[in-house]
Amino acid sequence: MACDSIVCLVQWIVFVPTLIAGLPLNLAALWLLLFRVRRRSESTVYLLSLVLNDCLLLFSLPFKMHAYNREWKLGRGFCSMLESLVYVNIYGSILLTVCISVDRYVSLCSPFTARRLRSPRKAWIVCFAIWSIICVASFPVYSFHSANSTDKYCFQNFSNDTWNQVGLVVSMQVVFCSSALVMVFCTLQVVRILHRLRRRNPEDEKLRNNKSIKIVMSNLFVFLACFIPYHVAVLIYFVAKNVGGSEIHPLREFVHISSCVSSINCLADGACYYFILKENLQSALRERRAVICIRDTRTKPPQTVTQSTLLDVHDNTQTGKQTDISENHTDACERQTESISHTDKL
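Put into structure tokens, the structure is as follows:
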């Protein structure tokens, strides 16, 4: 179907790449979390919830594209469920991203306090609470369309009563604004800590090339770029709708377009956290190799003394040096262990 409006065009431009790229990235991240990450940490629990949340949005995008300016024939209940998934994703992503940011900040700022406050079990409880609150809060979505209305559209033409609910719009703005402030604070503090760690550990490669800082800052940028336009659009449209402006159609299109922009978040999440998980797996492998290396060194039987070994010992004795056959191997293990960076927490 040819697009006859700017909203339809933006949906195709945004949703198609988001589906094509976002679905494989999120499925890859989900596969890593379920089958490759053996040790469940707080961050992996939050990441798992975030990936599942994004997958729900990806499920609703084809229906949203199909429904725009078309008669909906799949039932009002299914329509309301899809509409609720959009709001569940928006505020689920906001709150879960904030949890990841706070968890990262606490683990770096106060590592000893973090051991007492953080645990995978507590992370599961937090995620369950977030999902429960958001699902309950999404119930008003089922009343967005009037019960006695003959409206046959989905994702649009909400009833006038919807835009008269001051508490609903205020709650949306409060949740987002408070979450944005927490994100900005935690991100700036984490960047400050990483700069301080880089000064203390100038030889650390990840700290030296600012890789961790780039990941943290990109998370903040994606968060603000995806969600600020939508909440600004909703607030402006709400005011215009209640003031009784003569022409609000452009504002309605602004709301739809900003909603499309917010869905890019699931694509950015999938890409960003896939690489984070990949780095964490590589760090875990390095740590495991270092432990195995040290263990093998401690349990290694005495090495057979050969003629070349005796010659080396003789040469070192003449130069006043004492030779330990396993010294080089042990030093290599210790260097490998010390190479595990503080930034692996990120």
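Numbering-wise, the sequence shown is residues 1 to 346 according to full-length UniProt numbering.
For each residue, glycine too, the CB sits at the ideal point set by N, CA and C.
As the structure is a computational prediction, the values presented were derived from the model and not from experiment.
query: Test: N164 CB closer than 8 Å to a CB of chain D; result: Here chain D cannot be found, since the structure has a single protein chain.
query: Option in M183, V243, D54 with minimal Cα separation from M217; result: M183
query: 8 Å Cβ cutoff met for V10 and C260; result: yes
query: Backbone CA spacing between R104 and C127 [nearest angstrom]; result: 16 Å
query: Same chain, Cβ closer than 8 Å to L19, neighbours up to 5 away in sequence not counted; result: L58, L61, P62
query: Neighbour-count burial assignment, C135, 16 or more Cβ in a 10 Å radius; result: exposed
query: Beta-carbon separation (whole angstroms), L96 vs V190, contact threshold 8 Å; result: That pair is no contact at about 17 Å.
query: Straight-line Cα distance separating M81 from Y230; result: 20 Å
query: Nearest-angstrom Cα separation, counted from R118 out to V175; result: 23 Å
query: Closest by C-alpha distance to S110, when choosing among I193, G244, V243; result: I193
query: F15 and S262 closer than 8 Å at C-beta; result: no
query: The segment 62-71 / the segment 25-36 touching (three or more Cβ pairs under 8 Å); result: no
query: Candidates N26, S171, Y46, of which the one nearest I125 by Cα; result: Y46
query: Among V222, F155, V239, V166, nearest to N69 - alpha-carbon criterion; result: F155
query: 7 Å CB neighbourhood of I13 in its chain, flanking five on each side removed; result: none
query: N164 and N265 closer than 8 Å at C-beta; result: no
query: Terminal residues of the alpha helix (DSSP H) in which Y153 lies; result: Counting along the chain, Y153 falls outside any alpha helix (DSSP H), and DSSP gives it neither H nor E.
query: Under the three-state DSSP convention, the category V313 falls into; result: Note that V313 scores 39 on pLDDT, short of 50, meaning its location in the model is unreliable; the coordinates nonetheless yield the value given after this. Helix, per DSSP.
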